[in-house]
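**Q** Just dropping this structure here.
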Amino acid sequence: YLTYHLNRLWFSIGNTVFWTSGPDDPIGNGINGFGPNNYDKMPSLVKRLVPTAIGMIVFTVADVYCIPDNGQGGILPSFPYMPGVGLSSYNALDWNGPTIGFFTTDSQFLMLSPGVGAAVQSVPIADQLSMRNGIPGQNWYPQNVYVASYVSGSDMGWFLADGTNGWFRHITNAAPEQESMSWSPFATLANTGGCGAIKSVETSPGVHHLLVG
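So the sequence shown is numbered by my numbering: it starts at 648 and just counts up by one.
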């Protein structure tokens, strides 16, 4: 799970997060070079690394951690950021600006703003997300879910796909109900045989399209 943060490459193997030396390297290429202590071990399997203004957010299958920096580029030890909230799949997370949306191991859709907090957004459709009966829109396994944030003019929203049949779309209501959010009915892509992967792709600078696999 590669990413880039603080002029360093970051990745994970199993439960352990590693990072290159970056500006700490006294000689040579700090982007690729490693110090022997450039790692932090988590209690459970790492699924995604997301760089933010407060540090590297580490999503594991059981909890969420933060690896902060000291304000001068140095890396500090991790601390529990959201205990008891896990991520089962790399694909079950996306972000829009500073907001991270992800589908948890216990079948909830959360929106997280680092430094502010998280809110559960899936309450209106919670009964659908907890079912596993083979019916499109009611057959959710966290390890199969895809999340995508997509914006192209008036066509926008958070897409929560089951990895097989289709998706729910989550949008912000128009004024004066800015604080209220809406979920669409489940969209089944019947004529295409369903859908697996979904992703918002920047096809040219500033122009996005929703990729459906």
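Just so you know, even glycine gets a beta-carbon here, dropped at the ideal spot from N, CA and C.
#1: What ranges does the beta strand (DSSP E) occupy inside the segment 686-749, keeping only unbroken runs of at least 3 residues that lie completely in it?
#2: Exposed or buried, I722, counting other C-beta atoms within 10 Å across all chains shown (16 or more means buried)?
#3: Assuming A765 is part of the beta strand (DSSP E), what are its boundary residues?
#4: Compare the C-alpha of M689 against each of Y712, P683, I674 and P670 and name the closest.
#5: For the segment 756-835, list the alpha helix (DSSP H) runs that are entirely contained and at least 4 residues long, ordered along the chain.
#6: Can L696 and V664 be called in contact, C-beta distance under 8 angstroms?
#7: So what's T850 in DSSP terms, helix, strand or just coil?
#8: Tell me which same chain residues have a C-beta within less than 7 angstroms of the C-beta of Q785, skipping the five on either side of it?
#9: Taking the CB atoms as reference points, tell me whether P789 and F750 lie closer together than 8 angstroms.
#10: Looking at the structure shown, is T839 part of a helix, part of a strand, or coil, going by DSSP?
**A** The relevant details are as follows:
#1: 686-688, 693-699, 702-707, 711-714, 726-729 and 740-743
#2: buried
#3: G764 to V767
#4: Y712
#5: 773-776
#6: yes
#7: strand
#8: Q775 and M778
#9: yes
#10: helix
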